Structures are given as structure tokens and as C-alpha cells.
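Below: one structure, written as C-alpha cells.
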Amino acid sequence: MIRIKGKIVRGWGRASIAIAIQKKLFAQSIPTIGRCFNGTINMIAEENPIPLFKSHIMFLNLKWKPNRWETFILYPVRVIIGRQSKRGWIYRPFGSSHFREKNYIEVISPKFNIGNHRILTLEIFEQPHE
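Set out below in C-alpha cells:
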């Protein structure tokens, strides 16, 4: 298992609507993703660049808007914030401006009570958890 630690950062707030739409499509292959929050937790990883992972699910040219196709990669992870731990996914939309920022990571997970926590740890699974 690979562990990545990083600092939680504020996103642009644009992911919520997109995630709500995309989650329904992802749930056809990953049923539990439907229980995740409509948004992302964003982090800057301490490692730069983050390592590549073999365990992933790819959605190639997924049509998620009437005239919008996009490729997504989701990596299964355990998300740890303080004493809270939940299963989630590293979310890599190829069309995102963050995609080229190698140490910027977006995470889809059930809702966390982040409070004053500023550190996030991801444990990367070797096999998808679904």
C-alpha cells in the first residue's frame, strides 16, 4: 500500500455540479460512489510528482453533458483526515485544469467533518475496492 500525505486546500467550487452528474454515470460501474459527497476534497501532495498507480478504473470518452465527452481515471483510496477514515477515490478528470498539476489531487468520498484539519492522508489500494 502506498501512502500520500498532503495539505488540504480550497478548491474553486466548480466541482459540485459536475460531480453530481458524473457520479450517476460512475455508479453504473462503481455502485458505492453514489453515496459520496457532491464535490471534492482538494490537496497538494508532499511528493512531487505523485507516483503512478496500477489500480484504477478508467471511463474513456464519457458523455456527461449533451456536447461534452471527457476521460476520467478513478483510483481507490482510503481517505484519512484526523481520526476519520473513509473509502474514496482519487478523481482525475482529463479536462480539468488541475490535471497537469502533478501534485494536486482531487478526492471524491463520503462527506467529512474537516473542521480545522489541514492534513489529509491517502492510502492507495493495490486492487480496486469494488
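Numbering-wise, the sequence shown is residues 6 to 135 according to the numbering used here.
Cβ atoms here follow ideal geometry from the backbone N, Cα and C, with glycine treated the same way.
Quick caveat, the model's predicted, so the values are computed rather than measured.
- Contact between the region 64-75 and the region 102-122 is absent: fewer than three C-beta pairs spanning the two stretches fall below 8 Å.
- By the neighbour-count criterion, in which a residue is buried when 16 or more other Cβ atoms sit within 10 angstroms of its Cβ, Ser114 is buried.
- In the structure shown, Arg88 adopts coil according to DSSP, grouped into three states.
- Distance between Ile85 and Lys91, taken at the CA atoms: about 7 Å.
- Taking C-alpha positions only, Ile13 is separated from Glu111 by approximately 10 Å.
- With 16 or more other CB atoms across the displayed protein chains lying within 10 angstroms of its CB, Ile46 is buried.
- Residues Pro115 of the same chain have their beta carbon placed closer than 7 Å to that of Arg40, with the five preceding and five following residues left out of the count.
- Residue pairing by DSSP places Arg8 opposite Glu128 in a beta bridge.
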